[in-house]
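Below is one structure; the comments refer to it alone.
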Amino acid sequence: MLATSLKICSKAQEVLIVRKLFMASSVLQDIVFAGPGSEQLRGQSCKNLGKCNTQTPKLSKDDLQNKLQALPAWQVNEATTTLTRTFTAKSFVAAVKFFNQVAEVAEEEGHHPDLHLTDYREVRVVLSTHAIGGLSMFDAILAAKIDALSVDYSPKWLQQQAQTSS
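For the sequence shown, the residue numbers in this note's numbering are 1084 to 1249.
Have a look at this one:
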């Protein structure tokens, strides 16, 4: 929808639309990071699945592809053992605030990601169900819940994402 809207307007109107989106970054976040089925994933709980262990079922390739439609900001590695999301925060404080929010959600869900912060605001979140050496429903649920967190993104990074998604 955003791509169509931007293509039928003038350059000045396009700049105005992009500025309005930056001012309402939660709108852009929904456009970029929420795919079909993301609300359904967020409505589930890792705790309802029990504790992850060596008997936790891995997501099949078909299930994984289905879940990825709801998680467009996440990338799967070639071995299909991890989900990774990266972004640039507006500042070091914004990145740490995001990590604190992730910590709260992870504790509540009983499933914990690897969190990486480099160059003071480059954020990388890696999800995997370590007990099975792969991806499970726990990872998809936690990814969707992480996507719903409020983040102060770098305006330049947001602009790049808007251009990529259009």
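All C-beta atoms, glycine included, are put in the ideal place defined by N, C-alpha and C.
Using alpha carbons as the reference points, say which of the options lies closest to residue i.
i     : options                       : result
V1208 : K1180, G1118, T1169 and L1132 : T1169
P1196 : Y1203, F1221 and V1176        : F1221
H1194 : P1140, Y1203 and I1224        : I1224
G1216 : C1135, S1121, Q1152 and Q1244 : C1135
R1204 : E1192, F1182, S1211 and L1218 : F1182
Q1244 : T1137, T1171 and G1118        : T1171
Q1138 : D1145, H1213, L1200 and A1162 : H1213
V1179 : D1202, S1211 and N1160        : D1202
S1211 : D1235, A1177, Q1152 and L1147 : L1147
Y1236 : E1161, T1167, V1176 and E1122 : V1176
G1120 : L1151, L1166 and T1164        : L1151
H1199 : L1241, L1218, T1167 and S1143 : T1167
T1164 : T1247, L1154 and S1143        : S1143
D1145 : E1192, A1117, P1238 and S1219 : S1219
W1157 : G1118, Q1242, W1240 and P1238 : G1118
R1125 : K1141, P1140, A1153 and N1149 : A1153
T1123 : N1149, K1141 and V1159        : A small fix is needed here, since residue 1123 is Gln in this sequence, not Thr. Measuring from the Cα of Q1123, the nearest candidate turns out to be N1149.
K1141 : A1162, Q1184 and Q1242        : A1162
Classify residue i: buried if its beta carbon has 16 or more other beta carbons within 10 angstroms, exposed otherwise.
i     : result
S1174 : exposed
S1233 : exposed
A1107 : With a pLDDT of only 47 at A1107, under the threshold of 50, the placement of this residue in the model should not be trusted, and no figure is reported.
E1192 : buried
D1113 : In this prediction, D1113 scores a pLDDT of 46, lower than 50, which makes its location untrustworthy; no coordinate-derived value is stated.
Could you please give me the residues that DSSP links to residue i through a beta bridge?
i     : result
H1199 : R1207
Q1158 : T1167
A1172 : Y1236
G1217 : T1212
Counting only C-beta atoms, is residue i closer than 8 angstroms to chain C at any point?
i     : result
D1235 : Looking for chain C here will not work: only one protein chain is present.
At least 3 beta-carbon pairs within less than 8 angstroms: the region 1215 to 1232 vs the region 1180 to 1191: yes
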